[in-house]
Amino acid sequence: MGSGSRRERLTGPPDCLHDLLWLAYLMMLENDGKNEQQLRHYANIEAWLMDYWFDDEGSSLASYRISQDQWPLEDVKNSIAMWLLWLLLRPGAIIFSQHS
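Oh and the sequence shown: position 72 is 71 in numbering that gives the first Met the number 0, straight run, nothing missing.
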């Protein structure tokens, strides 16, 4: 596999991440049922958003910043990603394990 961090392999260049988030958000705003189905089943966006927000190397940097007693970054990408999480979240879908 080529060089680059796991984050770069998952999201591509920074502008690509910004564009992908906007595309998914606009798809949800214009959703007729088919857009959501494409995002859920083809793009597997639920798993992607979970990695974005909760993986130690997630692009939101939320896990890292929280471990440093800081709030997650307030930027456009995180704002769009949070809206997507709320729009796509299914009750009971997020289950966290307790770290010992």
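Glycine included, every Cβ here is placed at the ideal spot set by N, Cα and C. Since the structure is predicted, the reported quantities are computational estimates derived from the model, not experimental observations.
Quick one: using the 10 Å Cβ neighbour count with 16 as the cut-off for buried, is residue i buried or exposed?
{"i": "S99", "result": "Bear in mind that the predicted position of S99 carries a pLDDT of just 41, short of 50, making it unreliable; the figure below should be weighed with that in mind. Label assigned to S99: exposed."}
{"i": "M0", "result": "The predicted position of M0 is uncertain, since its pLDDT is 44 and thus under 50; a value taken from the coordinates is nonetheless stated next. So M0 counts as exposed."}
{"i": "Y51", "result": "buried"}
{"i": "W21", "result": "exposed"}
{"i": "L38", "result": "buried"}
{"i": "I79", "result": "buried"}
Using 8 Å as the threshold, is the C-beta distance between residue i and residue j below it?
{"i": "S58", "j": "L84", "result": "no"}
{"i": "I44", "j": "A23", "result": "yes"}
From this set, the options, which residue's C-alpha is nearest residue i's C-alpha?
{"i": "N77", "options": "R89, P90, M49 and G91", "result": "M49"}
{"i": "D55", "options": "P71, Q36, Y41 and A42", "result": "P71"}
{"i": "M35", "options": "L86, A80 and G91", "result": "For clarity, residue 35 is Glu in the given sequence; the question names Met instead. Checking every option, the nearest Cα to that of E35 belongs to L86."}
{"i": "R89", "options": "Y63, A46 and V75", "result": "A46"}
{"i": "L19", "options": "A42, G32 and K33", "result": "A42"}
{"i": "F53", "options": "H40, M81 and D14", "result": "M81"}
Inset, instruction - Report yes or no: do the stretch 56-67 and the stretch 19-29 share at least 3 C-beta pairs separated by less than 8 Å? - result: With the cut-off at 8 Å, the stretch 56-67 and the stretch 19-29 do not touch.
Inset, instruction - Please list the segments of the alpha helix (DSSP H) lying wholly inside the stretch 13-60, counting only runs of 4 or more residues, in order along the chain. - result: Assignment of alpha helix (DSSP H) within the stretch 13-60, counting only whole runs of 4 or more residues, yields 13-28, 33-36 and 44-53 in chain order.
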